[in-house]
Amino acid sequence: MNSVWGAKQRKQQATYAARWARMYSPSVRRSIGFIGSRTVDMDVLKQLIEEDPRLTTRCLAEQLGCSHITVETHLHELGKTWKYGVLIPHELSPHQLQHRVDSCMELMTSHRNYQWLRNLIIGDEKWVLYINYTHKRQWLSAGQTGAATSKTDPHSKKVMLSVWWGVKGIIRWELLPNGYTITADLYCQQLDRLAQKLKGKQDRIYFLHDNARPHVAKSTRQKLLELGWVTIPHPPYSPDSAPTDYHLFRSLSNHLREKKFDDENDLKMDLLNFFGQKSQDFYERGILSLP
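Counting from 1, position 223 in the sequence shown corresponds to residue 224 in the working numbering; the numbering is continuous, with no gaps.
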């Protein structure tokens, strides 16, 4: 090295070599998580994340006596991914949680073969905006300000969409006049129009809607009795047991991202295309996944 680099250069190269050697020494690698036990008791790991799925890989590594990289590797082997949980509208009380269990058990014991799902009609409402902004992540340099996204104005122009559907697809949908919202009287009129659409098509109708005030009003309950439909119990604040929420409206929300509509006719045509382009398998899958 002296003949090639000279004494001064050799000394400098030796310093670099020593620095790299120290960097990859066992003590340093252990401190930054490179070295540790490469074997993990998978049963213990599964138990830990079942007890608290919010534990980070570093917290798990401390408890298991291994590196966080080893923990991450084994978590992937278990099919786990690090992601956010589902946001829920309300924290349910013990009574409401028990109501959910009771409602589900009632359906499972009274309708064991699930064939009734093929006669299930589901109704729900959704506000649809004329201008749909989407806040997206951007790749930015340090200190760089990304492209701005307008915040949705709570008073922006929107219209109420009412939709009813089953395993074969959309049965009926309508947009309320601008500025209107659902009332019990209006909802009963909608049910009459829906009944006309269903006349002669199904021997028995099972009907599912949420617990919005117009849906549980006395006049609405009386109307459903007159129609002879079997009303399926729906626990409060349970969008995960409403296929319209977790399936149909989720897909519709994705479809509407970044879209702008000039007028109601423009919006109607887009909704008509959305509902029409979905296959029967899409609608069937949304309802049959309910159990």
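Glycine included, each C-beta is placed from N, C-alpha and C at the ideal position. Remember, it's a predicted structure, so these values are computed and weren't measured experimentally.
For residue i, which three-state DSSP category applies?
i: tyrosine 207; result: strand
i: valine 41; result: coil
i: lysine 47; result: helix
i: isoleucine 233; result: coil
i: leucine 291; result: coil
i: lysine 200; result: coil
i: leucine 98; result: helix
i: lysine 224; result: helix
i: glutamate 92; result: coil
i: leucine 79; result: coil
i: glycine 180; result: coil
i: aspartate 246; result: helix
i: proline 54; result: coil
i: asparagine 255; result: helix
i: lysine 84; result: coil
i: lysine 279; result: coil
Measure the alpha-carbon distance for residue i versus residue j and round it to whole angstroms.
i: valine 168; j: serine 280; result: 10 Å
i: leucine 192; j: lysine 224; result: 8 Å
i: lysine 219; j: glutamate 227; result: 12 Å
i: serine 242; j: methionine 161; result: 22 Å
i: proline 236; j: glycine 287; result: 19 Å
i: alanine 62; j: lysine 158; result: 51 Å
i: serine 239; j: leucine 253; result: 19 Å
i: lysine 269; j: arginine 251; result: 18 Å
i: lysine 84; j: aspartate 246; result: 21 Å
i: glutamine 97; j: aspartate 263; result: 43 Å
i: phenylalanine 276; j: isoleucine 171; result: 7 Å
i: leucine 118; j: glutamine 99; result: 23 Å
i: histidine 256; j: aspartate 53; result: 35 Å
i: arginine 222; j: glycine 201; result: 22 Å
i: lysine 127; j: threonine 182; result: 10 Å
i: glutamine 190; j: leucine 199; result: 14 Å
i: leucine 130; j: lysine 261; result: 8 Å
i: glutamate 51; j: aspartate 282; result: 34 Å
i: phenylalanine 248; j: tyrosine 284; result: For the record, residue 248 in the displayed sequence is histidine; it is not phenylalanine. So the two alpha carbons sit approximately 9 Å from each other.
i: histidine 69; j: threonine 58; result: 5 Å
i: valine 102; j: asparagine 179; result: 39 Å
i: arginine 258; j: leucine 273; result: 16 Å
i: cysteine 67; j: leucine 79; result: 17 Å
i: alanine 185; j: glutamine 116; result: 31 Å
i: lysine 47; j: cysteine 105; result: 28 Å
i: proline 95; j: aspartate 271; result: 42 Å
Any idea which residues DSSP pairs residue i with across the strands?
i: methionine 270; result: None; methionine 270 has no bridge partner.
i: methionine 161; result: Trp128
i: arginine 173; result: Trp165
i: leucine 121; result: Tyr207
i: lysine 261; result: Ile132
List the whole-angstrom C-beta distance separating residue i from residue j, where the pair is believed to meet the contact cut-off of C-beta under 8 Å.
i: valine 41; j: threonine 71; result: 6 Å
i: leucine 187; j: glutamate 265; result: About 18 Å; that fails the 8 Å criterion.
i: leucine 56; j: leucine 49; result: 6 Å
i: phenylalanine 291; j: proline 244; result: The sequence shown places leucine at residue 291, rather than the phenylalanine named in the question. Yes, leucine 291 and proline 244 are in contact; Cβ-Cβ is about 6 Å, under 8 Å.
i: isoleucine 122; j: tryptophan 165; result: 6 Å
i: asparagine 120; j: glutamine 197; result: Not a contact, Cβ separation roughly 18 Å.
i: methionine 43; j: histidine 75; result: 7 Å
Note to self: Quick test of the definition: if touching needs 3 or more C-beta pairs under 8 Å, does the stretch 195-210 touch the stretch 227-241?
What the structure shows: Here the stretch 195-210 makes contact with the stretch 227-241; the two share three or more CB pairs at distances below 8 Å.
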